[in-house]
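Taking it in order: structure first as structure tokens, then the write-up.
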Amino acid sequence: MSKVYLVLQDNDVSRYILEAVEEDNPEITIIHNPAMIRIEAENYMVVNRETVEEKLGRDWDVQELHLNLVTLGGNVDEDDERLTLTWNE
Amino acid sequence: MAAKKLNMKEKYRLLTRDLDWEFSYADRKKAFPFEEFEGIKITDWSKWEDPFRLTMDSYWKYQAEKEKKLYAIFDAFSQNNAHLNVSDPRYINAIKIFLTGITPLEYQAYQGFAHTGRQFGGVGARVACQMQSLDELRHVQTQVHAMSHYNKFFDGFKEWTHMQDRVWYLSVAKSFFNDARSGGPFEFLVAIGFSFEYVLTNLVFVPFMSGAAYNGDMATVTFGFSAQSDEARHMTLGLEVIKFLLEQHEDNVPIVQKWIDKWFWRGSRLLSVVAMMMDYMLPNKVMSWKEGWEVYFEEAGGALFKDLARYGIRMPKYAEQIRKEKEHISHQTWWTFYTYGQAAGFHTWIPTDEELDWLSEKYPNTFDKYYRPRWEYAKKLEAEGKRFYNGTLPQLCTTCQIPLLFTEMDDPTLTAHRCSHYKGDQYHFCSDGCKDVFEEEPEKYVQSWLPVHQIYQGNCGGPGLPEILQDYYRFEMGADNMDMKGSPDEARWKQWKGVA
Chain C
1132 MSKVYLVLQD
1142 NDVSRYILEA
1152 VEEDNPEITI
1162 IHNPAMIRIE
1172 AENYMVVNRE
1182 TVEEKLGRDW
1192 DVQELHLNLV
1202 TLGGNVDEDD
1212 ERLTLTWNE
Chain Z
5 MAAKKLNMKE
15 KYRLLTRDLD
25 WEFSYADRKK
35 AFPFEEFEGI
45 KITDWSKWED
55 PFRLTMDSYW
65 KYQAEKEKKL
75 YAIFDAFSQN
85 NAHLNVSDPR
95 YINAIKIFLT
105 GITPLEYQAY
115 QGFAHTGRQF
125 GGVGARVACQ
135 MQSLDELRHV
145 QTQVHAMSHY
155 NKFFDGFKEW
165 THMQDRVWYL
175 SVAKSFFNDA
185 RSGGPFEFLV
195 AIGFSFEYVL
205 TNLVFVPFMS
215 GAAYNGDMAT
225 VTFGFSAQSD
235 EARHMTLGLE
245 VIKFLLEQHE
255 DNVPIVQKWI
265 DKWFWRGSRL
275 LSVVAMMMDY
285 MLPNKVMSWK
295 EGWEVYFEEA
305 GGALFKDLAR
315 YGIRMPKYAE
325 QIRKEKEHIS
335 HQTWWTFYTY
345 GQAAGFHTWI
355 PTDEELDWLS
365 EKYPNTFDKY
375 YRPRWEYAKK
385 LEAEGKRFYN
395 GTLPQLCTTC
405 QIPLLFTEMD
415 DPTLTAHRCS
425 HYKGDQYHFC
435 SDGCKDVFEE
445 EPEKYVQSWL
455 PVHQIYQGNC
465 GGPGLPEILQ
475 DYYRFEMGAD
485 NMDMKGSPDE
495 ARWKQWKGVA
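The listed protein sequences correspond, in order, to chains C and Z.
Heads up: the first sequence is residues 1132 to 1220, going by my numbering.
Heads up: the second sequence is residues 5 to 504, going by my numbering.
Structure (structure tokens):
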């Protein structure tokens, strides 16, 4: 198993994105470092537009993720509905 | 009737597929003259796809938002004299290395991607390189703007463009990018887009920037994370490049593997300065270099190479050597800068007792055995009024241009030194990795502009070291260089803080 990861700036919007990621990915590890939040999962992680919108209470474009993103690891696939990170074993 | 709104995939397809043309009367090979000489075989450029499917309109929209956020913070930082909020004035010296050593690399990356993007026959690759090129230029600008505030209050910033082409340790970073840019376009992408961006820049922009935040440097952490959000896109580009090249033709596999071996080694050598910044120059500690390395190199890189194994790609050649080095390189590098503190454009110092204890705790296998005794000895000399400065110039490695400061990893008391002969001359190296890189392309590296050789050949003024530092490097002697103790930076800080 390999870890995919997403690192977000520690700010208000990211807290809601984190809530959405927690809801849609049952097995994640969250690490808080100064100014940043690191989210890890085994092999797969998804950020769904719909869940983030529900948490934020407003429209949210998946590409907006870039405004709060610090770094990520894994093969990326992004469309209007979601961003996924995967490692192939 | 309202026009149908295109989704992201359709928009990207229209951008990248309908923005190209056939060469009906001109020779395609003349339009893309660098596409074949490296031996890379591309059978179908249309297989290239940006997984973020970023189109130019979205690119400008989100980059503009990032900039607005960033400059609002710079304004607040400056208006509130936030340089007074950093943990310790020693910290500012890490930022001096950033501006003089790293920011010029962003400019080289901008130039490199602008050139490389032009050379690819596929429009998806060209667009991705164009965006990255613009990003890199943005990074130069935001870094210069952020640090211009520090330049008003601290020494060591003002001559960064002049220093870049001359100063001995800055040639390490400069020559790294010159090496990549003077390769072909595919080697450049593997070197910078993949090896450097995917694994190595994370260490600069994630744990180090988190450390900047923890040391109260709001401006740096903000430009750092803003830059790294672009890097997340660059990393993804780098990974797509590798997968694309490997899927296009099996003959590409050994060529790509050779570049990965070379550039992971070159990159890990380059990062020895970041190792020292993490372990010695952040007064408030977040994590050690070794811990950062384990997360972002070993774990992230390990996952990456497991993923790439299906193409026949293995771990970089010197991975085992690199694994051992994480215990040593930050200590060996800071010791070298400390002992050459008169020739460094920033201040150096002996770690405090608490910092020595932290290093002992973080490096239980090596610090007390090999490195702590040196600092105890340096403290004794300093107390006797004999702060040690090394007066001779070091032997440089012909490939990485770093002084021969690293040891054999199996015997950390023995300096590593390798030699190679080419056309009747002898060349010196810090490691097997650098020696192998040289022997692969000796005609390239015999042309290296090695700062110590240049000084001895009389090309840097002189005759003595003080004239070279003052006139050729434009160091303000006693202000830009030497120990933190007794520096004008320290005196001003004490005055601002009202301490004796």
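Glycine included, each C-beta is placed from N, C-alpha and C at the ideal position.
Small disclaimer: the values here were computed from a predicted structure and weren't measured.
Buried/exposed call for residue i, threshold 16 Cβ in 10 Å
| i | result |
| --- | --- |
| threonine 1160 of chain C | exposed |
| methionine 282 of chain Z | buried |
| histidine 335 of chain Z | buried |
| proline 470 of chain Z | exposed |
| serine 50 of chain Z | exposed |
| valine 260 of chain Z | buried |
| phenylalanine 161 of chain Z | buried |
| tyrosine 16 of chain Z | buried |
| glutamate 1132 of chain C | Checking the displayed sequence, the identity of residue 1132 of chain C turns out to be methionine instead of glutamate. With fewer than 16 Cβ atoms within 10 Å of its Cβ, methionine 1132 of chain C is classed as exposed. |
| arginine 510 of chain Z | Nothing can be reported for residue 510 of chain Z, as the shown portion of chain Z is limited to 5 through 504. |
| phenylalanine 192 of chain Z | buried |
| asparagine 256 of chain Z | buried |
| glutamate 235 of chain Z | buried |
| asparagine 1156 of chain C | buried |
| tryptophan 64 of chain Z | exposed |
C-beta contact flag for residue i and residue j at 7 Å
| i | j | result |
| --- | --- | --- |
| glycine 349 of chain Z | phenylalanine 158 of chain Z | no |
| phenylalanine 229 of chain Z | valine 1201 of chain C | yes |
| methionine 285 of chain Z | alanine 98 of chain Z | yes |
| threonine 352 of chain Z | proline 55 of chain Z | no |
| tyrosine 374 of chain Z | proline 407 of chain Z | no |
| serine 199 of chain Z | phenylalanine 268 of chain Z | yes |
| glycine 125 of chain Z | phenylalanine 36 of chain Z | yes |
| tryptophan 164 of chain Z | threonine 226 of chain Z | no |
| serine 91 of chain Z | proline 287 of chain Z | yes |
| phenylalanine 181 of chain Z | glutamine 112 of chain Z | yes |
| alanine 129 of chain Z | tryptophan 25 of chain Z | no |
| methionine 291 of chain Z | proline 211 of chain Z | yes |
| glutamate 1212 of chain C | arginine 1189 of chain C | no |
| threonine 402 of chain Z | threonine 411 of chain Z | no |
| threonine 107 of chain Z | glutamine 147 of chain Z | yes |
| valine 441 of chain Z | lysine 262 of chain Z | no |
| glycine 220 of chain Z | asparagine 89 of chain Z | yes |
Extent of the continuous alpha helix (DSSP H) to which residue i belongs
| i | result |
| --- | --- |
| valine 127 of chain Z | 127 to 155 |
| threonine 240 of chain Z | 222 to 252 |
| alanine 118 of chain Z | 107 to 123 |
| valine 260 of chain Z | 256 to 274 |
| asparagine 1164 of chain C | Segment 1159 to 1164 is the beta strand (DSSP E) holding asparagine 1164 of chain C; no alpha helix (DSSP H) there. |
| methionine 167 of chain Z | 164 to 168 |
| arginine 378 of chain Z | 376 to 387 |
| tyrosine 218 of chain Z | 211 to 218 |
| arginine 1213 of chain C | Looking at the DSSP string, arginine 1213 of chain C is not in any alpha helix (DSSP H); the run it does join, the beta strand (DSSP E), is 1213 to 1217. |
| arginine 1146 of chain C | 1143 to 1155 |
| proline 189 of chain Z | 189 to 192 |
| glutamate 201 of chain Z | From DSSP, glutamate 201 of chain Z is part of no alpha helix (DSSP H); its letter is neither H nor E. |
| lysine 330 of chain Z | Element bounds for lysine 330 of chain Z: n/a, residue is neither H nor E. |
| phenylalanine 181 of chain Z | 174 to 185 |
| glutamate 359 of chain Z | 357 to 366 |
| glycine 296 of chain Z | 293 to 297 |
| lysine 498 of chain Z | 492 to 501 |
Residue i: contacting residues in chain A (beta-carbon distance under 7 Å)
| i | result |
| --- | --- |
| asparagine 1164 of chain C | Reference to chain A is not applicable here, since the protein chains of this structure are C and Z. |
Range covered by the beta strand (DSSP E) that runs through residue i
| i | result |
| --- | --- |
| lysine 1134 of chain C | 1134 to 1140 |
| tyrosine 95 of chain Z | From DSSP, tyrosine 95 of chain Z is part of no beta strand (DSSP E); its letter is neither H nor E. |
| leucine 1200 of chain C | 1200 to 1204 |
| alanine 483 of chain Z | Neither: alanine 483 of chain Z is in no beta strand (DSSP E) and is coded neither H nor E. |
| glutamate 303 of chain Z | No beta strand (DSSP E) holds glutamate 303 of chain Z; DSSP gives it neither H nor E. |
| threonine 343 of chain Z | Not the beta strand (DSSP E): threonine 343 of chain Z falls in the alpha helix (DSSP H), residues 333 to 343. |
| asparagine 1179 of chain C | 1175 to 1179 |
Option nearest residue i by Cα separation, candidates the options
| i | options | result |
| --- | --- | --- |
| lysine 294 of chain Z | Z:Ala304, Z:Ala279, Z:Gly305 | Z:Ala279 |
| arginine 391 of chain Z | Z:Asp139, Z:Asp361, Z:Ile77, Z:Met486 | Z:Met486 |
| arginine 1146 of chain C | C:Glu1181, C:Asn1156, C:Leu1187 | C:Leu1187 |
| valine 203 of chain Z | Z:Arg142, Z:Cys434, Z:Leu275, Z:Gln405 | Z:Leu275 |
| methionine 1167 of chain C | Z:Ser233, Z:Arg422, Z:Trp338 | Z:Ser233 |
| aspartate 139 of chain Z | Z:Lys156, Z:Val148, Z:Tyr114 | Z:Tyr114 |
| lysine 427 of chain Z | Z:Gln451, Z:Asn89, Z:Tyr218 | Z:Gln451 |
| tryptophan 339 of chain Z | Z:Ile317, Z:Glu380, Z:Lys9, Z:Val144 | Z:Glu380 |
Any non-hydrogen atom of the ligand FAD closer than 6 Å to residue i Cβ
| i | result |
| --- | --- |
| tryptophan 25 of chain Z | This structure does not include the ligand FAD; it has no bound ligands of any sort. |
Unbroken alpha helix (DSSP H) runs of length 4 or more, entirely within the stretch 399 to 458 of chain Z: which are they?
The stretch 399 to 458 of chain Z contains these whole alpha helix (DSSP H) runs: 436 to 444, 446 to 449.
Please specify which runs of the alpha helix (DSSP H), each continuous and at least 4 residues long, are wholly inside the stretch 16 to 99 of chain Z, giving them in chain order.
Taken in chain order, the unbroken stretches of alpha helix (DSSP H) that lie wholly in the stretch 16 to 99 of chain Z and span 4 residues or more are 32 to 35, 60 to 83.
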